[in-house]
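A.B. asks: I have a structure here, written as structure tokens, and I will follow up with some questions on it.
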Amino acid sequence: GTTTLVLGPAGTGKSTLSFQYASQLAKRGESTIVFAFDETRDVLLARTESLGIDFGRHVKSGLITVQQVDPAELSPGEFAVRILRLVEKGCKMVVIDSLNGYLNAMPGEKYLTNQLHELCSFLNQKGVLTFLIMPQHGLVGDNEAAVDLSYLADTLMTIRYFEAAGEVKQAIAVVKKRTGPHEKSIREFKLETGVGVRIGQPLKDFQGVLTGIPVFHGVMQQFMKESDAGT
Numbered sequence: 011g012t013t014t015l016v017l018g019p020a021g022t023g024k025s026t027l028s029f030q031y032a033s034q035l036a037k038r039g040e041s042t043i044v045f046a047f048d049e050t051r052d053v054l055l056a057r058t059e060s061l062g063i064d065f066g067r068h069v070k071s072g073l074i075t076v077q078q079v080d081p082a083e084l085s086p087g088e089f090a091v092r093i094l095r096l097v098e099k100g101c102k103m104v105v106i107d108s109l110n111g112y113l114n115a116m117p118g119e120k121y122l123t124n125q126l127h128e129l130c131s132f133l134n135q136k137g138v139l140t141f142l143i144m145p146q147h148g149l150v151g152d153n154e155a156a157v158d159l160s161y162l163a164d165t166l167m168t169i170r171y172f173e174a175a176g177e178v179k180q181a182i183a184v185v186k187k188r189t190g191p192h193e194k195s196i197r198e199f200k201l202e203t204g205v206g207v208r209i210g211q212p213l214k215d216f217q218g219v220l221t222g223i224p225v226f227h228g229v230m231q232q233f234m235k236e237s238d239a240g241t
């Protein structure tokens with residue numbers, strides 16, 4: 011019954027993180043609906059399979075439903091009705107990937123926020139977990155979203171690129187969580203072929219990770235060793 015907003019530049023793994031959650035729900039026999047605005051169903055399934063996420067099997071079983079959405083062919087009202095019908099059938103998780111695609115279907119920012127607020131409130135009341143994927147402009151450094159929807163989220167997560175020892179890496183952090191305390195540390199976030207999502211140790215030796223160009227205060231060789239080991 012909560013709404014999670016995942017922010018980050020393109021390619022950081024925002025969608026994959028939500029698919030990991032969907033796969034875990036499916037293992038418990040609970041259903042998920044994924045609305046894909048930005049990529050085709052076949053590409054999505056191929057990507058999760060290569061990462062080792064047990065997503066495709068649950069799609070075949072019907073526990074996970076992937077609907078490819080063309081914003082030009084679906085009004086906001088029709089989209090909301092489609093979600094409501096699926097929730098009535100017992101759906102426990104809704105993924106909107108991404109809000110930029112949803113934004114393209116809306117006549118303006120005001121209507122987008124109003125529609126999303128009503129939709130998220132309804133889903134929360136029904137005990138549904140909602141994942142909103144929000145790409146940000148830019149890759150390294152300052153990143154901005156097209157619309158600020160952070161106030162809608164009970165949980166706000168960010169995945170960012172950062173530079174370390176001549177390599178581009180990713181970091182994940184939970185910025186807020188209304189339903190209780192949460193971990194404050196920033197950790198390395200990795201997507202590995204055949205393994206899926208891997209979360210590393212807190213990046214305590216770095217300062218300014220979320221700026222994209224952090225300052226390192228530890229032993230770089232030790233950090234690279236731990237990073238490669240996935241610890």
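Numbering (my numbering), first residue to last: 11 to 241.
Cβ atoms here follow ideal geometry from the backbone N, Cα and C, with glycine treated the same way.
1) Check for me: the beta strand (DSSP E) holding I74 runs from which residue to which?
2) Label K214 either buried or exposed according to how many other C-beta atoms from any shown protein chain fall within 10 Å of its C-beta, with 16 as the threshold for buried.
3) Quick check on D215: does DSSP put it in helix, strand or coil?
4) For V225, does the count of other Cβ atoms within 10 angstroms reach 16, so buried, or fall short, so exposed?
5) Taking the DSSP output, what are the residues bridged to E99?
6) L220: which of K194, A36, I169 sits nearest, CA to CA?
7) Inspect the beta-carbon positions of S25 and D158 and report whether they are closer than 8 Å.
8) Can you give the Cα-Cα distance for E173 and L113, rounded to whole angstroms?
9) For M167 versus V178, is the C-beta distance shorter than 8 Å?
10) If I follow the unbroken beta strand (DSSP E) through Y112, where does it start and stop?
11) Check whether the Cβ atoms of P86 and F47 sit closer than 8 Å, and answer yes or no.
C.D. replies: Result, derived from the coordinates:
1) Stepping through the sequence shown from its first residue, residue 74 is reached at position 64. Start and end: 74 to 78.
2) Residue mapping note: residue 214 aligns to position 204 of the sequence shown, counting from 1. Answer is exposed; the Cβ neighbour count stays below 16.
3) The residue labelled residue 215 in the question sits at position 205 within the sequence shown. The three-state secondary structure of D215, taken from DSSP, is coil.
4) In the sequence shown, the residue the question calls residue 225 occupies position 215. Residue environment analysis places V225 among the exposed positions, since fewer than 16 neighbouring C-beta atoms fall within 10 angstroms of its C-beta.
5) Residue 99 sits at position 89 when you count from the first residue of the sequence shown. Strictly speaking, residue 99 in this sequence is Lys, with Glu absent from that position. K99 is not bridged to any residue.
6) Your numbering for residue 220 matches position 210 in the sequence shown. Of K194, A36, I169, the residue nearest in Cα terms is I169.
7) Counted from its first residue, the sequence shown places residue 25 at position 15. Counted from its first residue, the sequence shown places residue 158 at position 148. Cβ atoms of S25 and D158: not closer than 8 Å.
8) Start at 1 with the first residue of the sequence shown, and residue 173 comes out as number 163. Start at 1 with the first residue of the sequence shown, and residue 113 comes out as number 103. Approximately 31 Å between the Cα atoms of the pair.
9) Residue numbering aside, residue 167 sits at position 157 when the sequence shown is read from its first letter. Residue numbering aside, residue 178 sits at position 168 when the sequence shown is read from its first letter. For M167 and V178, no; Cβs fall outside 8 Å.
10) Counted from its first residue, the sequence shown places residue 112 at position 102. Note, Y112: premise wrong, no beta strand (DSSP E); alpha helix (DSSP H) at 109 to 114.
11) For the purposes of this step, residue 86 is taken as the residue at position 76 of the sequence shown. For the purposes of this step, residue 47 is taken as the residue at position 37 of the sequence shown. The answer is no: Cβ separation not under 8 Å.
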